[in-house]
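Please read the structure below before turning to the comments.
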Amino acid sequence: MADSSERETGTTKVSVVLTDPIRGALTREAEDLGRDLPEHLQRVLAEHVLRNKLIPDDEAQRLRKLWSMTERVAEEAKKICRDGGFTSGITLSAIHACMKDPAWVEDYRTWVKDDIYKHGNPLKKLINPGFGARVKAAIKGRVEKDDENKARTVKVAGEIIQSYTPMIGFDPKAVA
1125 MADSSERETG
1135 TTKVSVVLTD
1145 PIRGALTREA
1155 EDLGRDLPEH
1165 LQRVLAEHVL
1175 RNKLIPDDEA
1185 QRLRKLWSMT
1195 ERVAEEAKKI
1205 CRDGGFTSGI
1215 TLSAIHACMK
1225 DPAWVEDYRT
1235 WVKDDIYKHG
1245 NPLKKLINPG
1255 FGARVKAAIK
1265 GRVEKDDENK
1275 ARTVKVAGEI
1285 IQSYTPMIGF
1295 DPKAVA
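Note that our numbering has the sequence shown beginning at 1125, numbered continuously upward.
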């Protein structure tokens, strides 16, 4: 049964059992593409659905727009790192870089179907966390941890996101 978050966002969590060789192969492939494993699994499945035209074209276009925006944030993060501008708030910095492009902002507004700064929009639960996850994977970022060894979170105001996970470093080879 779907929980309330899944109903709001039109998503469903599933568990999949993978053999070690398949998990290993998919993990390597994900790393080669600068993705984490969950993002890669979602992408592989979604690409299958798109390739076989199993969803309406408007939904396919929406999914492609999501990928495009997320990839742009990751590319901006890599550029910032290459240019020596890495800070713990690399995800927010990359979003700020994207927001200088009116087309990116319009794509985001269209995707969330509301004021981009409004909080509580369930559609933002589908896109905003993906920005941070994609940046982390793309730069092979190392997250800042608290005393309990859990990833820290920094709350922000006046932004399209409400929080981000600060990073303490990245792999220069990943951004080259």
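Built from N, CA and C at the ideal position, the CB exists for glycine as well.
- Of the residues D1144, L1165, L1157 and T1151, the one whose Cα lies closest to the Cα of K1137 is L1165.
- Segment contact: the region 1254–1262 against the region 1203–1221, three or more CB-CB distances shorter than 8 Å; contact assigned.
- With contact defined as three or more Cβ pairs closer than 8 Å, the region 1257–1271 and the region 1288–1297 are in contact.
- Beyond the five residues adjoining it in sequence on each side, V1197 comes within less than 7 Å, by CB distance, of A1218, I1219, C1222, F1255, R1258 and V1259 in the same chain, given in chain order.
- For T1135, the closest of G1148, V1280, P1246 and E1199 by C-alpha to C-alpha distance is P1246.
- Counting the other CB atoms within 10 Å of its CB gives A1154 a total of 16 or more, which places it among the buried residues.
- With 16 or more neighbouring CB atoms inside 10 Å of its own CB, T1194 falls in the buried class.
- Assignment of I1292 by DSSP, reduced to helix, strand and coil, places it in the strand class.
- Beta-bridge partners assigned by DSSP to A1275: K1269.
- Distance from the CA of K1248 to the CA of R1167, rounded to the nearest whole angstrom, comes to 18 Å.
- Listed in chain order, the alpha helix (DSSP H) runs fully inside the region 1219–1251 are 1226–1236, counting runs of at least 4 residues.
- Annotation: V1278 to D1271 spans about 15 Å, alpha carbon to alpha carbon.
- Excluding five sequence positions before and after E1268, the CB atoms of its chain that fall closer than 8 Å to its own CB belong to S1212, A1275, R1276, T1289, P1290, M1291 and I1292, given in chain order.
- DSSP places S1287 within a strand segment (E or B) once states are collapsed to three.
- When only Cα atoms are considered, W1228 and I1146 end up about 36 Å apart.
- For P1145, the enclosing alpha helix (DSSP H) begins and ends at D1144 to D1156.
- With a threshold of 16 other beta carbon atoms within 10 Å, I1284 meets it and is buried.
- The straight-line gap separating the alpha-carbon atoms of R1186 and W1235 is approximately 7 Å.
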